[in-house]
Ligand code: G3H
Ligand code: 13P
Ligand code: ZN
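This is the structure:
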């Protein structure tokens, strides 16, 4: 099918009140795991790469592997830059086959964020590429940026409207209580749906909103990691019922990276523990690929509801 933009998939998702999974990809096995899952579930998907993913796997490898996935599967796949830090990285991605970029100006003040986002939007739209922006701050670790919990602030709904009007960005990541990584909540998991509702009521009808830091830290996977030697105690993600609720209230892109990392870790640790004689990377990377694929399928069918929407 080839790589597509997120325009059509977001429109359908918003209208149908379901969400599209945006999975971070860092290597071939992760890309293949997602490809297998979307082919089997007939679901559109976003494969996204961060600048650290580009640094690790290198640009041409990631682009060409995602292209291969989009040719092999017969479902819409978007290739997206996650947390683009400046105009230059967005430009490089736009010029080299990405269908979507995120410019993350959330660390700047409102006017600077508007100016930077608008510059990227103008460049991208001239070339038929879509842009995600971010307003408000997530607590925790964000790509190379460290935003302390004290600085975290929810998205201001009135500012969200002004931001979208001034920048013409195609989707907006909002801060409503999630954070990146495996430790999202100290007490009971809770998102600010009042803030989300206010944002959706002010923005144009069916405007696409994005939820970062949306891994669930699936208890069985975490347990498997820890059982086989990991030390990730007390990790907690966004429960699946809360994600379903978010999708029904206007979130149409759900970002997942941590759950993929945990699944890969669980599968490899288990094989190393149970089959210590194994040293063929195809065996343990293959086991990791299978488990990631199961997790992605589960999310598509039971949490996001994007199955059979390709
Ligand atoms: O939002 C952050 C993503 O999980 C990407 O993380 O910069 O370590 O690739 P990374
Ligand atoms: P998680 O750390 O919850 O997987 O979030 C990933 C993300 O938001 C990527 O941009
Ligand atoms: Zn993110």
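In the working numbering, the protein residues as written are 271 to 580.
Glycine included, C-beta positions come from ideal geometry on N, C-alpha and C.
Going by alpha carbons, who is nearest to residue i out of the options?
i	options	result
residue 558	571, 572 and 542	542
residue 283	399, 317, 521 and 484	521
residue 330	502, 313, 503 and 298	298
residue 445	344, 458 and 469	469
residue 399	483, 349 and 382	349
residue 471	575, 430 and 566	430
residue 323	506, 365 and 300	300
Quick one: using the 10 Å Cβ neighbour count with 16 as the cut-off for buried, is residue i buried or exposed?
i	result
residue 334	exposed
residue 311	buried
residue 271	exposed
residue 386	buried
residue 457	exposed
In whole angstroms, give me the CA-to-CA distance for residue i and residue j.
i	j	result
residue 420	residue 408	Confidence at residue 420 is low in this model, with a pLDDT of 43, below 50, so the placement of that residue is unreliable and no value is reported for it.
residue 413	residue 516	Any answer about residue 413 is weak, because its pLDDT of 46 lies below 50 and its placement is not dependable; what the coordinates show is given next. For residue 413 and residue 516, the distance between alpha carbons rounds to 23 angstroms.
residue 395	residue 438	10 angstroms
residue 436	residue 577	35 angstroms
residue 289	residue 480	9 angstroms
residue 406	residue 554	40 angstroms
residue 463	residue 568	24 angstroms
residue 253	residue 280	For the chain, the structure presents residues 271 to 580; residue 253 sits outside this window and is missing.
residue 537	residue 326	21 angstroms
residue 496	residue 453	15 angstroms
residue 571	residue 501	30 angstroms
residue 428	residue 378	18 angstroms
Excluding the five sequence neighbours on either side, which residues of its own chain have a C-beta within less than 8 angstroms of the C-beta of residue i, listed in chain order?
i	result
residue 363	351, 354 and 371
residue 434	442, 473, 474 and 477
residue 466	444, 446, 479, 516, 519, 520 and 521
Name the DSSP bridge partner or partners of residue i?
i	result
residue 537	Beta-bridge pairing links residue 537 to no other residue.
residue 294	318
residue 403	373 and 442
By Cβ distance below 7 angstroms, which residues in the same chain neighbour residue i in space, the five residues on each side in sequence not counted?
i	result
residue 573	510, 513 and 514
residue 561	533, 536 and 537
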